[in-house]
Ligand code: BGC
């Protein structure tokens, strides 16, 4: 079965049709930049534009950077606050005329990596973290997802950890890879001390540059880059659609 996977991020929406049996993209991914913070209504129009780009007629899975309960968005740390309380399944469904399911964006990336990527066949506890505009997390035990884990919002100096360790924070504070990786190490140490994962998978755009910063990490847990790199969110959003 093929499902259109869409990954909503802080600066763009990206999507592609996905073969959910193999995890492969069936067409080149399409990206719509969102330099302005979009309202839910404007985002629905953008989702429809993506669906129309692929002349899509089937189900759609959308990854969104917030807590999701039954297609309702409960938090929106880095996107428009009007998303809070919004049933985006209904809103995007109405805009596209197609069935739409929502999932947290990092949970989506994790599902793709555990099923087809860096976490495939590994039992026990696996933690996936995405470093982008925010920091997303997905926690798995024996392949089963604990949804909406939100470890990007662990508190450091009375602020969310993502304020210090996201890729956006690295850019904002003009940190070298080395300096930023030291901050990321402290953060990972906190997580590994309470969760004791067997493996940490790192996703988000900056995972493509892993050769520039993994070498500076001081952690006991093996850390690997997501094998789908930045496409895990699209694949996982499609996989998360309930058949
Ligand atoms: C959100 C998470 C999301 C992460 C990465 C955080 O600010 O709260 O839900 O997974 O950013 O996009």
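In my numbering, the protein residues as written are 5 to 247.
Think of the CB as a built atom: it goes at the ideal place given N, C-alpha and C, for glycine as much as any other residue.
Below 6 Å CB to CB, which residues in the same chain sit around residue i once its five sequence neighbours on both sides are set aside?
i, result
"residue 166", "138, 139, 156"
"residue 185", "217, 220, 221"
Taking all protein chains shown into account, do 16 or more other C-beta atoms lie within 10 angstroms of the C-beta of residue i, making it buried, or fewer, making it exposed?
i, result
"residue 108", "buried"
"residue 161", "exposed"
"residue 191", "buried"
"residue 117", "buried"
"residue 153", "buried"
"residue 255", "Outside the shown range of the chain, which is 5 to 247, sits residue 255, and nothing can be said about it."
Which of the three DSSP states is assigned to residue i in this structure?
i, result
"residue 210", "helix"
"residue 33", "coil"
"residue 73", "strand"
"residue 170", "coil"
"residue 39", "coil"
"residue 66", "strand"
"residue 245", "coil"
"residue 93", "helix"
"residue 54", "helix"
"residue 82", "coil"
Tell me the residue span of the alpha helix (DSSP H) that contains residue i.
i, result
"residue 229", "Note, residue 229: premise wrong, no alpha helix (DSSP H); beta strand (DSSP E) at 227 to 229."
"residue 22", "Counting along the chain, residue 22 falls outside any alpha helix (DSSP H), though it belongs to the beta strand (DSSP E) covering 16 to 23."
"residue 199", "181 to 199"
"residue 106", "Not the alpha helix (DSSP H): residue 106 falls in the beta strand (DSSP E), residues 104 to 108."
If residue i sits next to residue j, beta carbons under 8 Å apart, how far is it from one beta carbon to the other, in whole angstroms?
i, j, result
"residue 242", "residue 22", "4 Å"
"residue 87", "residue 70", "7 Å"
Once you ignore the five residues that flank residue i on each side, which residues in its own chain have a CB closer than 8 Å to its CB?
i, result
"residue 105", "63, 64, 65, 66, 75, 93, 244, 245, 246"
"residue 89", "76, 77, 78"
Start and end of the beta strand (DSSP E) containing residue i?
i, result
"residue 148", "148 to 150"
"residue 139", "139 to 145"
"residue 133", "129 to 135"
"residue 177", "Per DSSP, residue 177 belongs to no beta strand (DSSP E) and is neither H nor E."
Excluding sequence positions up to five away, which residues of its chain have a Cβ less than 7 Å from the Cβ of residue i?
i, result
"residue 52", "99, 100"
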